[in-house]
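One point on numbering: in full-length UniProt numbering, the residue at position 175 of the sequence shown is 175, and numbering is uninterrupted.
First the structure, in the form of structure tokens, and then the observations on it.
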Amino acid sequence: MANEFLAGYLANANFTPAVLISFCLISLGSTLQACVGHWLSATLIGTGVPKLDNARQTLLFFILTGPLSCLIAASVGVSSIIAVDLLPKSQVASAWLNWWVGDSLGVLIICPLVFCVFAHPREIWRARRIQVALPLLATILALALVFIQVYQAEKIRIQMIFDNQADKIDRLLIEYGNNVIDNALTIKALYRASNQVTRHQFGLFTQAILQQHPEIQALEWLPRVRHDQLSHFESTVQAEGYPHFKVVEQTIDGSLQAVENRAEYFPITFIEPMKGNEKVFGFDSLTNPISRESKLLAQKYDKPSLSNALFLMQRTDASIAVLLSIPVYTHLQSSSTQQLTGFISAVILTANLVET
Numbered sequence: 001m002a003n004e005f006l007a008g009y010l011a012n013a014n015f016t017p018a019v020l021i022s023f024c025l026i027s028l029g030s031t032l033q034a035c036v037g038h039w040l041s042a043t044l045i046g047t048g049v050p051k052l053d054n055a056r057q058t059l060l061f062f063i064l065t066g067p068l069s070c071l072i073a074a075s076v077g078v079s080s081i082i083a084v085d086l087l088p089k090s091q092v093a094s095a096w097l098n099w100w101v102g103d104s105l106g107v108l109i110i111c112p113l114v115f116c117v118f119a120h121p122r123e124i125w126r127a128r129r130i131q132v133a134l135p136l137l138a139t140i141l142a143l144a145l146v147f148i149q150v151y152q153a154e155k156i157r158i159q160m161i162f163d164n165q166a167d168k169i170d171r172l173l174i175e176y177g178n179n180v181i182d183n184a185l186t187i188k189a190l191y192r193a194s195n196q197v198t199r200h201q202f203g204l205f206t207q208a209i210l211q212q213h214p215e216i217q218a219l220e221w222l223p224r225v226r227h228d229q230l231s232h233f234e235s236t237v238q239a240e241g242y243p244h245f246k247v248v249e250q251t252i253d254g255s256l257q258a259v260e261n262r263a264e265y266f267p268i269t270f271i272e273p274m275k276g277n278e279k280v281f282g283f284d285s286l287t288n289p290i291s292r293e294s295k296l297l298a299q300k301y302d303k304p305s306l307s308n309a310l311f312l313m314q315r316t317d318a319s320i321a322v323l324l325s326i327p328v329y330t331h332l333q334s335s336s337t338q339q340l341t342g343f344i345s346a347v348i349l350t351a352n353l354v355e356t
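Below is the structure:
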């Protein structure tokens with residue numbers, strides 16, 4: 001048990017003073033355990049290595065040096081680990097039990113082997129090598145084999161649980177993703193049913209979708225604006241109660257500036273909720289390479305397109321999002337062709353999608 005914690009912190013190199021003190025206490029606990037075991041044996045059985053030639057002496061020796069003495073290292077070790085918050089309280093009982101059982105088994109198995117090799121009088125212990133040492137070695141081998149089998153079985157079980165959970169999450173993500181797409185497509189249907197959707201109507205229509213999908217950062221309408229329409233477009237939005245509205249793009253240093261001259265723009269005009277997304281209000285989405293790629297694919301195939309992962313301008317954290325872009329067309333009265341009028345966009349926070 002002590003080695004497990006030590007190995008973990010050696011790997012992480014997390015040597016705070018509290019951790020080092022904890023390791024020292026673990027070492028002291030193990031040393032104290034050995035000293036107490038020796039003292040109990042010397043006091044109650046006799047000095048030196050006991051002969052263990054009768055049942056009473058053998059039983060007394062192993063109880064004193066095993067289960068009884070091993071209470072010390074387990075108690076000191078677990079307490080020191082708890083003191084530095086390296087062990088959750090829910091695992092205290094199992095950690096203590098594993099520590100105590102491990103130390104006790106070590107005494108019961110290793111002590112006779114050591115006595116057979118090093119203890120005096122040699123003639124007594126040498127004669128016991130076949131009777132004692134070989135069965136114990138066989139026991140150790142059997143325990144090792146059992147441990148390996150149990151470990152492999154547990155490893156397979158954990159992997160199966162993980163795979164099942166991963167498959168379940170994968171299915172749920174696909175289900176939620178399809179649901180988001182279906183809801184976004186209803187907004188497209190709104191634009192196809194009405195020649196003119198107002199900001200108020202857009203807000204009312206998207207409110208229910210946002211309540212059902214907390215993973216959506218924003219729902220947006222991005223109309224197609226030609227260069228010769230830009231000034232009139234900005235004036236129209238300003239007259240709606242946004243006097244400082246401008247169509248903007250992001251510079252290399254991350255600041256926003258008025259857009260450069262281009263043939264057309266796709267500014268974020270309607271955005272719900274507005275709170276928390278104010279920074280991207282008026283942003284020309286095609287100036288972002290990831291957003292541009294997604295929208296061009298959506299336009300090319302006339303299907304919803306999901307972007308690669310990107311970081312959001314309006315968030316100060318490192319949340320990763322993806323953009324769902326849906327093209328909206330109107331049919332020209334003079335022909336059977338259709339004309340792109342804009343995009344519906346859903347900004348989806350991937351972390352929130354998993355949590356949902």
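For each residue, glycine too, the CB sits at the ideal point set by N, CA and C.
inquiry  = Check this for me: beta carbons of Arg128 and Cys111, under 7 Å apart or not?
reply    = no
ask   = What is the residue span of the alpha helix (DSSP H) that Gly102 lies within?
value = Val92 to Phe118
inquiry  = I'd like the list of long-range same chain contacts for Phe233, defined as Cβ closer than 6 Å, with 5 residues on each side in sequence excluded.
reply    = Val225
Pair within 7 Å by beta-carbon distance, Phe61 and Ile45 = Contact annotation: Phe61 and Ile45 have beta-carbon atoms nearer than 7 Å.
ask   = Between Val76 and Leu87, what straight-line distance do the alpha-carbon atoms span, to the nearest angstrom?
value = 14 Å
request  = Determine, using beta carbons only, whether Val328 and Leu306 come nearer to each other than 7 Å.
outcome  = no
query = Cβ of Ser345 within 7 Å of Cβ of Ser319?
reply = Going by C-beta atoms, Ser345 is not nearer than 7 Å to Ser319.
ask   = Grouping DSSP H, G and I as helix and E and B as strand, with all else coil, what is Leu10?
value = Note that Leu10 has pLDDT 48, beneath the 50 cutoff, so the model's placement of it is unreliable and the number below is only indicative. Leu10: helix per DSSP, three-state reduction.
request  = Taking only the alpha-carbon atoms, compute the straight-line gap between Leu59 and Ala142 and give it to the nearest angstrom.
outcome  = Computed Cα separation, rounded: 23 Å.
inquiry  = Applying the 10 Å Cβ sphere with the 16-neighbour rule, what's the burial state of Trp99?
reply    = buried
request  = State buried or exposed for Ser22, treating a residue as buried only when at least 16 other CB atoms are found within 10 Å of its CB.
outcome  = buried
query = Buried or exposed: where does Ala239 fall if 16 or more other Cβ atoms within 10 Å of its Cβ makes it buried?
reply = exposed
request  = May I ask you to check if the CB of Pro267 is nearer than 6 Å to at least one heavy atom of the ligand NAP?
outcome  = Only the bare structure without any ligand can be found here, which leaves the ligand NAP out of the picture.
ask   = Going by C-alpha distance, which of Leu222, Phe162, Tyr176 and Asp167 is nearest Tyr191?
value = Leu222
Segments of 3+ residues assigned as beta strand (DSSP E) that fall wholly inside the stretch 267-322 = Runs of beta strand (DSSP E) with 3 or more residues, each lying fully within the stretch 267-322, are found at 270-272, listed in chain order.
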